[in-house]
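Q: Numbering of the sequence shown is given in this note's numbering, commencing with residue -3 and proceeding in unit increments. Mind having a look at this structure? Questions to follow.
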Amino acid sequence: MRREPSHSGPTDPSVFGEPHQRAEPNRGDPSEQRAAQILGRERARPATTYSDAQNVSDEPDIFPRGRLLIDRDWSCSACGYNLRGLEVGHPCPECGHLELYRPPPASARSYGTWLDERVAATPASGVWWVVAGCLPWGGVAALVAAVVGVGMVPMNVAARLPMVLLYEAPAEELLKIALVAFVIDVRPYLFRRAWPIYLSAALSALTFALAQNAAFFALLAPSAGLALTLYRWLAIPAVQIACSLVVAAALVRVWQQCLSERRPPRVTAALGGLLLAAALHAAYYGIELSLEKMFGPWR
Ligand SMILES: [Zn+2]
């Protein structure tokens, strides 16, 4: 039996319940209003916003055509070897990796042109916002580390050791450096030299260590003796800063490649530095906890 369109409504599961079949005018789905607002905002932005940062010239060239010579410094994504002078699609002579990213044509708008314009439009003093932001960031990172970490959880040394080595040390290294890595990923032009990257990493680590120590003495060891107090205020900041500088060195190489080759930063290439810092951090924790096991708890 044929159903009449006049019986249809928003709850009608039949074909006559479809918006274009209903008797009443279609006022649109309320959930689409937000999408319309976002589209309106995006259309109000200048066209260059969309022409640069994600450009077809920055996409991997999986079917290189013709014999395109790499005419500028261009690192292999796998090993960092400079592929200048080779043709696109030629395996890396050092590691055999087939580099699919090739330099964009000089005339094309690309990540490089976006980067040049941002460098020209941004005052060199902009870096001080990043350096200053690293001070509160260290405290925030320490808070997050305390919430997700095991430092405040009572457990014996045998249970604590694997947790600290495999989880706490890598997590702390990642949290301390997160702001610097984020800025290098999305605003690499804010850094003009390498030393503010090291300074930012060191300040994040310093406030991280100070917040950690403050929490330690307030919550875990309120009646600590002079030896423990001196030891913690000297050793913990030194270890935290030293480990963060190891990651910063790896991030500096990522940032240098981004600016010199005018291509998107590959923050993942700093993973080796992060793992090395986590290993050093874990080694320190391991020695500290082993001493505690041998000579009894300090707390
Ligand atoms: Zn290579």
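Where is the CB? At the ideal position from N, CA and C, for every residue including glycine. The model shown is predicted, which means the values in this text are computed figures rather than measured ones.
1) Just mark alanine 246 as buried or exposed, buried being the case when its beta carbon has 16 or more other beta carbons within 10 Å.
2) May I ask you to verify whether the stretch 135 to 144 touches the stretch 197 to 212, counting CB pairs closer than 8 angstroms and requiring at least 3?
3) For valine 136 and valine 126, what's the separation of their Cα atoms in angstroms?
4) When you compare only the Cα positions, how much space is there between alanine 31 and isoleucine 66?
5) Within 10 angstroms of the Cβ of arginine 63, are there 16 or more other Cβ atoms? Answer buried if so, exposed if not.
6) Nearest by alpha-carbon distance to tyrosine 281: which of Leu171, Ala190 and Ala154 is it?
7) If you draw a straight line from the alpha carbon of tyrosine 163 to that of glycine 13, how long is it in whole angstroms?
8) How is leucine 255 classed by DSSP in three states: helix, strand or coil?
9) Are there any heavy atoms of ligand 1 lying less than 7 angstroms away from the beta-carbon of histidine 86, as far as the coordinates show?
10) Can you tell me whether glycine 269 is buried or exposed, with buried defined as 16 or more other CB within 10 angstroms of its CB?
11) Does the Cβ-Cβ distance between leucine 276 and cysteine 239 come in under 8 angstroms?
12) To the nearest whole angstrom, what separates the beta carbons of alanine 174 and alanine 266, a pair I think is in contact under 8 angstroms?
13) Taking 8 angstroms as the threshold, find out whether the stretch 181 to 192 comes into contact with the stretch 109 to 118 through three or more Cβ pairs.
14) What three-state label does DSSP hand phenylalanine 12 in the structure shown?
15) Distance, Cα to Cα, glycine 145 vs valine 160?
16) Nearest-angstrom Cα distance between cysteine 75 and valine 11?
17) At the level of alpha carbons, what is the spacing between proline 158 and leucine 285?
18) Pop quiz: glycine 108 and arginine 262 are said to be a contact at Cβ under 8 angstroms. What is the actual Cβ separation, rounded to whole angstroms?
19) When burial is assigned at 16 or more other CB atoms within 10 Å of the CB, is methionine -3 buried or exposed?
20) Does DSSP put proline 233 in a helix, in a strand, or in coil?
21) Mind listing, in chain order, the continuous alpha helix (DSSP H) runs of no fewer than 4 residues lying wholly within the stretch 174 to 220?
A: Well, looking at it:
1) buried
2) yes
3) 15 angstroms
4) 42 angstroms
5) exposed
6) Ala154
7) 55 angstroms
8) helix
9) no
10) buried
11) yes
12) At roughly 12 angstroms, the Cβ-Cβ gap does not stay under 8 angstroms, so alanine 174 and alanine 266 are not in contact.
13) yes
14) helix
15) 9 angstroms
16) 59 angstroms
17) 11 angstroms
18) Actually they are not in contact, since the Cβ atoms of glycine 108 and arginine 262 sit about 15 angstroms apart, beyond 8 angstroms.
19) Its pLDDT being 49, under 50, methionine -3 is placed unreliably by the model, and the measurement read from it follows with that caveat. Exposed, by the Cβ-count rule.
20) helix
21) 191 to 211
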